[in-house]
Amino acid sequence: MYIAILGRQPEISLAELQCLYGHQKVQRHSKQSAVIDWPDFDFERLGGSQKAGRIVLQLASADWSTLSTKITQFYLSKWHTIDHKQTLGISAYDSTLRPDQLQKLGVSIKQKLKSIGVSVRLVPNKDTALNTATSHHNKLGLSANRTEILIVRGFNGRIIVAESIGAQNITALAARDQARPHTDAFVGMLPPKLARIMVNCAVGQNHHQNQAVLDPFCGTGVVLQEALLLGYDAFGTDLSDKMVDYSKKNLQWLEQRFKIDQARRYAVAQADATDYQWSDRPTAVASETYLGQPFSAPPSPAKLREVTGNCNHIISKFLSNLGSQIAANTPLCIAVPAWRSTTGSWTHLPLIGQLDSLGYDKKYDETLLYNRENQVVGREILILIKK
């Protein structure tokens, strides 16, 4: 079994895992973690989790003295015969542990191993958990001689100790985000990790099968990019000729920069998603739809009604058009706008309460909001299935 350390917005990270592996196989362990009971769990395909680890110890509950002793004994037994230098990091989540306690545990393991001739380099703890960048740059979890111990206390006090199998590859994510030849801040910058989450939520438990992913509002091609990297065919349309050109050039760059399965196909065309007839029938749809105009401060009630009505009309029309062309049970993951008020409450699109009449069922009932602090226009993630 595995444990995943969820991302900045853990509900969305959890949804991604549950879509891929099923609700029965993914159980929330703590605010920041979930346990995955899946033999060939693939951490690298995820967009929403910071780290993951293979579970090596579980305790119903334990004080720090007992826990640290068990961890020390486990690694003395495991490493006492190794003939290479070991790099070790330790992180704790959802616990009351302090960085100095984790550092002392690491020093204790290091000294005991040193006394029997095993060399250990300890990654220092400035915080209770090593940040993703530190874990990634130290390549923790990527080989037998680079280990990160993950200590996670659950809601019920149960403690899981896991060995990391890697941290999110922030270098590759940054390259796919900032190094692309064409971006456009005005139309919005969909983060590659969110695009990947959306593709995963759309394809769901059929992720091992060949898929044809459609993005009807493809913008600069981020969803198409992530679909191709995950091994799927990708097809996109956009109302703007400029966005179509940007997508094509970005995907050409992607082919040159990253390993893309040569059997995978992609195509981008100029089209209005509210009335276009797609020639390729998708097996899954993933898209950031029309989010309306950006705001630096909450709009007036009149302006909000205008923008909400406009977005609701366009997206409803798109869903009706799409629904007439896709097969029953086709899955979708779309991002639609939601607006934050001065009090922190959110205004949602009316169509969310009218999905049944549009021909869709919600596949995931929880409200999923992707937003940053002080951001007025957030993304509400809808995971749907065609009726």
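According to this note's numbering, the sequence shown holds residues 32 to 418 in order.
In this text, a Cβ means the ideal position worked out from N, Cα and C, and glycines have one as well.
Straight through space, the alpha carbons of Leu350 and Ala304 are spaced by roughly 9 Å. Per DSSP, the continuous beta strand (DSSP E) segment holding Trp370 begins and ends at 362-371. Between Gln385 and Asn343, the alpha-carbon positions lie close to 11 Å from each other.
With distances taken between CA atoms, Pro247 lies nearest to Ile345 out of Ile345, Pro223, Val408. When the beta-carbon positions are compared, Arg207 and Leu259 stay at least 7 Å from each other. If you draw a straight line from the Cα of Lys62 to the Cα of Ser126, it is about 11 Å long. Of Trp309, Ala300, Trp370, Cys364, the smallest CA-CA separation from Ser331 is found for Trp370.
In terms of CA proximity to Gln301, Ser271 leads the group Leu285, Ser271, Lys290, Leu282.
Taking all protein chains shown into account, Lys393 has fewer than 16 neighbouring C-beta atoms within 10 Å of its C-beta and is therefore exposed. Val407 is the residue among Asn341, Tyr395, Val407 whose C-alpha sits nearest the C-alpha of Thr373. The Cβ-Cβ distance between Gly78 and Lys224 falls below 7 Å. When C-alpha distances from Phe186 are compared across Ala91, Ala198, Leu161, the shortest belongs to Ala91. Three or more Cβ pairs drawn from the region 355-364 and the region 221-241 lie within less than 8 Å of each other, which places the two stretches in contact.
Ala193 is classed as buried because its beta carbon has at least 16 other beta carbons within 10 Å across all chains shown. The residue among Leu173, Arg177, Tyr297, Lys116 with its C-alpha nearest the C-alpha of Glu75 is Leu173. By the C-beta density criterion, Thr202 is exposed, having fewer than 16 other C-beta atoms within 10 angstroms. For His344, the enclosing alpha helix (DSSP H) stretches over residues 332-354. With contacts defined by Cβ atoms closer than 7 Å, Gln40 and Thr163 do not form a contacting pair.
Between the C-alpha atoms of Glu47 and Ile147 there is a straight-line separation of about 44 Å.
Checking the DSSP bridge columns, you'll see Ser80 partnered with Leu37. Membership of Ser61 in the beta strand (DSSP E) is indicated by the continuous run 57-61.
Closest in alpha carbon position to Ala160, among Val66, Val183, Lys280, Arg403, is Val183.
Annotation for Leu415: the continuous beta strand (DSSP E) segment containing it runs 408-417. For Gln308, there is no enclosing alpha helix (DSSP H), as DSSP marks it with neither H nor E. Non-local C-beta neighbours of Gly197 in its own chain, meaning closer than 6 Å and more than five positions away in sequence, comprise Phe74, Gly172, Leu173, ordered along the chain. Gly252 sits close to Ser278, with the two beta carbons spaced by under 7 Å.
The Cβ-Cβ distance between Ala83 and Ala35 falls below 7 Å. Looking at the DSSP output, Arg184 bridges to Ile190.
When the Cα atoms are used, Ser44 and Ile412 turn out to be separated by approximately 12 Å. Looking from the CA of Thr118, the closest CA among Val151, Leu107, Gln55, Met274 belongs to Val151. With respect to Gln256, Leu285 sits close: the two C-beta atoms are nearer than 7 Å. A straight line joining the alpha-carbon of Gln242 with that of Glu319 spans about 19 Å. One thing to note: Ala328 has its Cβ no nearer than 7 Å to the Cβ of Val254. Between Ile86 and Ile180, the CB-CB gap reaches or exceeds 7 Å.
Secondary structure note for Ile201: its alpha helix (DSSP H) is the uninterrupted segment 201-209.
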